[in-house]
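Peer 1: What follows is a single structure, and I will ask about it in a moment.
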Amino acid sequence: MDPAAQDAKDQQLERFRAAPAHNALTTDQGVRVDDTDNALRAGRRGPTLLEDFHNREKITHFDHERIPERVVHARGAGAYGYFEPYQSLSEYTCADFLAEAGRRTPVFVRFSTVQGPRGSADTVRDVRGFATKFYTREGNYDLVGNNMPVFFIQDAIKFPDFVHAVKMEPHNEIPTGASAHDTFWDFCSLQPESTHMLMWLMSDRAIPRSYRTMQGFGVHTFRFVTADGRGTFVKFHWKPKLGVHSLVWDEAQIIAGRDPDFNRRDLWESIEAGEYPEWELGVQLVPEENEFDFDFDLLDATKIIPEEQVPVRPIGRMVLNRNPQNFFAETEQVAFHTANVVPGIDFTNDPLLQGRNFSYLDTQLIRLGGPNFSQLPVNRPVADVHHNHRDGFGQQVIHPGTNYFPNSLGGGCPAHAGSGGGPGVFRHYAERVDGEKIRVRSESFQDHYSQAALFWNSMADWEKRHIVEAFRFELGKVMSVEVRERMVGNLAHVNGGLAALVADGLGLPAPAPDANVPTAASPALSQENLMGEGIRTRKIAVLAADGTDAGQVAAARGRLVAQGAVVEVLAARDGSVQGAGGEALDVDRAMPTMASVLYDAVLVPGGAQAVSVLAADPAAVRFVEEAYRHGKPLAVFGEGTRLLTAARLPEDVVLGESAPSYGVFAGDGTASVEDVADAFAAAIALHRFPRRPGLLN
Ligand code: HDD
Numbered sequence: 001m002d003p004a005a006q007d008a009k010d011q012q013l014e015r016f017r018a019a020p021a022h023n024a025l026t027t028d029q030g031v032r033v034d035d036t037d038n039a040l041r042a043g044r045r046g047p048t049l050l051e052d053f054h055n056r057e058k059i060t061h062f063d064h065e066r067i068p069e070r071v072v073h074a075r076g077a078g079a080y081g082y083f084e085p086y087q088s089l090s091e092y093t094c095a096d097f098l099a100e101a102g103r104r105t106p107v108f109v110r111f112s113t114v115q116g117p118r119g120s121a122d123t124v125r126d127v128r129g130f131a132t133k134f135y136t137r138e139g140n141y142d143l144v145g146n147n148m149p150v151f152f153i154q155d156a157i158k159f160p161d162f163v164h165a166v167k168m169e170p171h172n173e174i175p176t177g178a179s180a181h182d183t184f185w186d187f188c189s190l191q192p193e194s195t196h197m198l199m200w201l202m203s204d205r206a207i208p209r210s211y212r213t214m215q216g217f218g219v220h221t222f223r224f225v226t227a228d229g230r231g232t233f234v235k236f237h238w239k240p241k242l243g244v245h246s247l248v249w250d251e252a253q254i255i256a257g258r259d260p261d262f263n264r265r266d267l268w269e270s271i272e273a274g275e276y277p278e279w280e281l282g283v284q285l286v287p288e289e290n291e292f293d294f295d296f297d298l299l300d301a302t303k304i305i306p307e308e309q310v311p312v313r314p315i316g317r318m319v320l321n322r323n324p325q326n327f328f329a330e331t332e333q334v335a336f337h338t339a340n341v342v343p344g345i346d347f348t349n350d351p352l353l354q355g356r357n358f359s360y361l362d363t364q365l366i367r368l369g370g371p372n373f374s375q376l377p378v379n380r381p382v383a384d385v386h387h388n389h390r391d392g393f394g395q396q397v398i399h400p401g402t403n404y405f406p407n408s409l410g411g412g413c414p415a416h417a418g419s420g421g422g423p424g425v426f427r428h429y430a431e432r433v434d435g436e437k438i439r440v441r442s443e444s445f446q447d448h449y450s451q452a453a454l455f456w457n458s459m460a461d462w463e464k465r466h467i468v469e470a471f472r473f474e475l476g477k478v479m480s481v482e483v484r485e486r487m488v489g490n491l492a493h494v495n496g497g498l499a500a501l502v503a504d505g506l507g508l509p510a511p512a513p514d515a516n517v518p519t520a521a522s523p524a525l526s527q528e529n530l531m532g533e534g535i536r537t538r539k540i541a542v543l544a545a546d547g548t549d550a551g552q553v554a555a556a557r558g559r560l561v562a563q564g565a566v567v568e569v570l571a572a573r574d575g576s577v578q579g580a581g582g583e584a585l586d587v588d589r590a591m592p593t594m595a596s597v598l599y600d601a602v603l604v605p606g607g608a609q610a611v612s613v614l615a616a617d618p619a620a621v622r623f624v625e626e627a628y629r630h631g632k633p634l635a636v637f638g639e640g641t642r643l644l645t646a647a648r649l650p651e652d653v654v655l656g657e658s659a660p661s662y663g664v665f666a667g668d669g670t671a672s673v674e675d676v677a678d679a680f681a682a683a684i685a686l687h688r689f690p691r692r693p694g695l696l697n
């Protein structure tokens with residue numbers, strides 16, 4: 001094009017861009033569209049015309065909007081943030097992102113459930129995925145873990161069998177988001193290596209209160225490698241700053257209907273509110289010479305290293321501080337891969353990990369439609385990328401020049417990073433390997449019950465109760481008596497009492513106990529020892545009606561909000577209620593849109609007229625009763641105690657002297673509202689009162 005013509009074109013483009021309509025609707029080709037509500041037709045009532053390119057393009061694009069959902073972990077929620085080490089780990093690894101205290105590495109984290117499809121509920125009993133992509137200066141590192149430190153199987157070749165068994169059954173696609181069905185328990189009962197993981201799955205860990213209150217685990221034993229090639233075994237742990245908290249099963253089931261997006265919403269809202277969730281990354285380090293010091297195999301992903309044996313050393317923190325802008329582009333298209341490692345982090349021969357290293361790349365090819373998914377914005381490394389990979393579906397890069405190696409025509413680029421290695425170059429750990437080709441599992445993988453027993457022995461009384469109830473629920477949904485019996489028989493190798501209680505719930509005889517079950521415990525496994533501190537972001541419902549003592553609300557709210565809690569006033573209708581003194585009290589939520597299960601604690605202020613209204617309202621009565629029966633802290637002021645009576649709660653427990661030890665606080669005017677609110681807050685920090693009489697499990 002001659003310069004004058006080019007000039008004219010540029011000016012035209014400039015005018016076009018500057019025009020007020022520059023954000024007008026266009027076609028994919030950039031042509032402005034005058035109307036997207038009416039297809040082109042021959043006459044007002046005539047047939048639609050094929051030549052309407054805008055109509056065809058719009059519908060065609062829509063027709064292709066869906067991509068295959070993940071085979072597992074289909075439902076998830078993600079967020080961006082950063083990771084920063086507390087100190088340099090150069091002594092153990094040459095990973096650049098762990099080399100210096102305070103060096104920030106951007107991250108994207110996706111939390112997920114495993115069994116259900118994309119549209120399933122958040123609060124089902126399930127493992128939660130906890131996958132982190134570190135965008136390091138030396139390339140992307142993915143730590144693709146779960147909220148439980150072990151797995152169902154020891155060898156990845158069993159993964160398709162396991163997933164087929166746990167997913168919806170093939171004939172009727174039931175159940176959605178649940179493991180309580182025949183094929184899952186059939187598989188597990190025949191595969192005793194799953195027993196340890198089943199203990200975790202039947203525990204409260206499988207129903208987290210929030211993604212923000214979940215631990216995360218890398219599960220496998222990985223390897224740190226130093227610049228001079230020295231290896232150290234490593235297990236990764238994420239520990240939430242807010243403590244580890246769970247729902248109770250009855251509550252989880254109600255939430256699945258009341259707010260199927262409960263965990264997703266919680267993550268989103270807390271980040272929007274500037275309450276950035278934070279986890280501490282910890283490592284358990286085992287020198288290579290100590291590989292065989294344990295009574296289990298470090299390569300067996302159905303085993304933990306008890307923290308009492310090898311302490312978890314905190315090495316840094318991760319903060320999530322930005323929500324995605326577009327769920328599909330970011331949370332759905334993010335592609336994790338266990339083999340995305342950086343210099344300084346390497347694999348072990350864990351047969352589960354080795355299989356995963358094949359599976360994740362393979363699955364992204366079909367899910368994201370070809371080999372160029374690492375060019376999608378959420379997957380793109382911040383490190384420079386140079387290679388000779390070319391073409392393929394969805395190619396976004398216009399590669400100039402040569403596309404082969406070695407070349408001279410392209411100046412020899414991209415060149416080898418250097419056979420001698422050097423900083424920032426990935427070199428596989430030079431592990432010596434020597435063996436016969438065999439399909440055999442090592443003897444050292446054969447003990448399937450000791451650590452299941454360790455888990456059981458480590459639980460508090462109420463945690464054990466929940467586990468028994470969960471087994472009864474799940475196996476109670478299993479139609480095959482044979483499967484039930486086989487499973488209960490396996491549990492006898494974990495603990496005779498557990499097996500007998502589960503059997504009793506199922507109407508089966510107790511199996512013969514195993515005299516050799518271990519008695520060791522690991523206190524670090526109990527949630528009772530993982531409470532965290534304070535009440536930041538805990539949600540407290542205040543039940544109000546016309547006549548509520550607004551002064552009490554203000555005083556209590558001030559105290560609770562100052563400690564970081566979220567306090568919401570609920571009444572029968574949106575708008576406001578009239579306080580006892582005639583003042584307006586704003587309503588944050590209409591009660592019919594909420595439920596006690598969506599809060600951590602409930603407060604009922606005084607005010608005779610208001611309490612009469614609430615006590616006559618079945619929704620308010622249920623609100624209080626449910627909160628009590630789910631073990632949540634309750635505070636009632638003045639006449640508010642009437643609501644406890646209306647809810648038919650045991651009066652000697654809720655109004656007796658020991659009520660505070662059960663997390664129930666009645667402000668009868670002898671103590672100030674502020675003092676009662678402080679005691680209430682201390683109770684909320686304990687999360688639940690699982691030893692309260694009359695609880696629903
Ligand atoms: Fe997996 C997804 C975690 C064993 C094959 N897995 C997936 C995700 C997480 C895990 C968190 C979701 C990532 C995301 O948010 O996109 N998986 C685990 C853990 C395992 C495990 C902690 C055991 C320690 N997985 C495992 C095995 C295989 C797979 C043994 C296959 C042999 N996993 C997959 C997959 C998925 C996946 C089919 C589905 C979608 C995806 O990868 O991207 O490839």
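Counting from 1, one number per residue, gives the positions in the sequence shown under UniProt numbering.
Yeah, the Cβ is synthetic: ideal placement off N, Cα and C, and Gly gets one too.
Based on the DSSP secondary-structure assignment, which residues constitute the bridge partners of GLU568?
Peer 2: DSSP, once it has assigned bridges, lists ALA541 as partnering GLU568.
Peer 1: From GLN578 to GLY631, what does the alpha carbon distance come to, in whole angstroms?
Peer 2: Their Cα atoms are separated by approximately 31 Å.
Peer 1: From the DSSP output, in three-state form, read off LEU454 for me.
Peer 2: The answer is helix: DSSP assigns LEU454 an H, G or I state.
Peer 1: LEU40: buried (16+ other C-beta within 10 angstroms of its C-beta) or exposed?
Peer 2: Exposed, because fewer than 16 other Cβ atoms sit within 10 Å of the Cβ of LEU40.
Peer 1: Which residues does DSSP pair with PHE328 in a beta bridge?
Peer 2: Answer is none; PHE328 lacks a bridge partner.
Peer 1: Would DSSP call GLY640 helix, strand or coil?
Peer 2: Three-state result, GLY640: helix.
Peer 1: Distance check for GLU280 and GLU657, CA to CA, integer angstroms please.
Peer 2: Their Cα atoms are separated by approximately 40 Å.
Peer 1: Would the beta-carbon of HIS220 be found less than 7 Å away from any heavy atom of the ligand HDD?
Peer 2: Yes, the beta carbon of HIS220 sits closer than 7 Å to at least one heavy atom of the ligand HDD.
Peer 1: What does the alpha-carbon distance come out to for the pair GLY667 and GLU533?
Peer 2: Approximately 24 Å, taken between the alpha carbons.
Peer 1: Taking the alpha-carbon positions, what's the ILE157 to GLN563 distance?
Peer 2: Cα to Cα, ILE157 sits roughly 50 Å from GLN563.
Peer 1: Specify the secondary structure class of VAL219 as computed by DSSP and reduced to three states.
Peer 2: VAL219 falls in the coil class under three-state DSSP.
Peer 1: Among the candidates PRO650, GLY638, ALA627, whose CA atom is the shortest distance from the CA of VAL248?
Peer 2: Here the closest residue by C-alpha is ALA627.
Peer 1: In whole angstroms, what is the alpha-carbon distance linking GLU69 and LYS167?
Peer 2: Spanning the two alpha carbons is a distance of roughly 14 Å.
Peer 1: Roughly how many angstroms lie between the CA atoms of SER596 and ARG465, to the nearest whole one?
Peer 2: Distance between the alpha carbons of SER596 and ARG465: 23 Å.
Peer 1: Residue range of the beta strand (DSSP E) that PRO106 falls in?
Peer 2: Segment 105-113, the beta strand (DSSP E) holding PRO106.
Peer 1: Cα-Cα, which of GLU583, ILE59, GLY344, VAL673 is closest to ALA555?
Peer 2: The shortest C-alpha separation from ALA555 is found at VAL673.
Peer 1: So, helix, strand or coil for GLY401, using DSSP?
Peer 2: Of the three classes helix, strand and coil, the one that applies to GLY401 here is coil, per DSSP.
Peer 1: Use the C-beta contact count for SER179: other C-beta atoms within 10 angstroms, 16 or more gives buried, fewer gives exposed.
Peer 2: So SER179 counts as buried.
Peer 1: Under a three-way DSSP split, which group does ASN379 fall into?
Peer 2: Here ASN379 sits in coil by DSSP.
Peer 1: On the three-pair Cβ rule with 8 Å, is the stretch 73-90 touching the stretch 257-277?
Peer 2: Yes, the stretch 73-90 is in contact with the stretch 257-277.
Peer 1: Is HIS73 near the ligand HDD, in the sense that its beta carbon is under 7 Å from a heavy atom of that ligand?
Peer 2: True, at least one ligand heavy atom lies under 7 Å from that Cβ.
Peer 1: Could you pull the DSSP bridge partners for PRO208 from this structure?
Peer 2: Answer by DSSP bridge pairing, in chain order: SER246.
Peer 1: Between THR221 and LYS241, is the Cβ-Cβ spacing less than 8 Å?
Peer 2: Contact: no.
Peer 1: Give a yes or no on contact between the stretch 436-446 and the stretch 403-410, applying the rule of three or more CB pairs nearer than 8 Å.
Peer 2: Not touching, per the Cβ criterion.
Peer 1: Would you check whether the ligand SAH has a heavy atom nearer than 7 Å to the C-beta of ASN146?
Peer 2: Judged by which ligands are present, the ligand SAH is missing from the structure shown, whose ligands are the ligand HDD.
Peer 1: Give me the residue from PRO160, VAL127, ASP142 with the minimum Cα distance to residue 769.
Peer 2: Any question about residue 769 goes unanswered here, given that the chain covers just 1 to 697.
Peer 1: Would a C-beta distance cut-off of 8 Å place residue 739 and VAL604 closer than the cut-off?
Peer 2: No answer is possible for residue 739: the residues shown for the chain start at 1 and end at 697.
Peer 1: Tell me the DSSP secondary structure of GLU485 in three-state form.
Peer 2: Residue state, collapsed to three classes: helix.
Peer 1: Can you tell me the Cβ-Cβ gap for PRO513 and LEU454, rounded? I've got them flagged as a contact below 8 Å.
Peer 2: Wrong, their Cβ atoms sit about 17 Å apart, outside the cutoff.
Peer 1: Can you give me the C-alpha to C-alpha distance between HIS428 and THR338, rounded to a whole angstrom?
Peer 2: Straight-line Cα distance between these residues: approximately 15 Å.
Peer 1: Name, in chain order, the residues that DSSP records as bridge partners for ASN146.
Peer 2: Paired residue(s): GLY129, PHE217.
Peer 1: Check for me: the alpha helix (DSSP H) holding GLU463 runs from which residue to which?
Peer 2: 461-476 is the span of the alpha helix (DSSP H), which, as asked, contains GLU463.
Peer 1: Could you have a look at VAL341 and say whether DSSP puts it in helix, strand or coil?
Peer 2: In this structure, VAL341 counts as coil in the three-state DSSP scheme.
Peer 1: Comparing C-alpha positions only, which one of SER112, ILE366, SER522 sits nearest to ILE67?
Peer 2: For ILE67, the nearest C-alpha among the options comes from ILE366.
Peer 1: Buried or exposed for CYS188, going by 16 or more other Cβ atoms inside 10 Å?
Peer 2: By the 10 Å Cβ count, CYS188 comes out buried.
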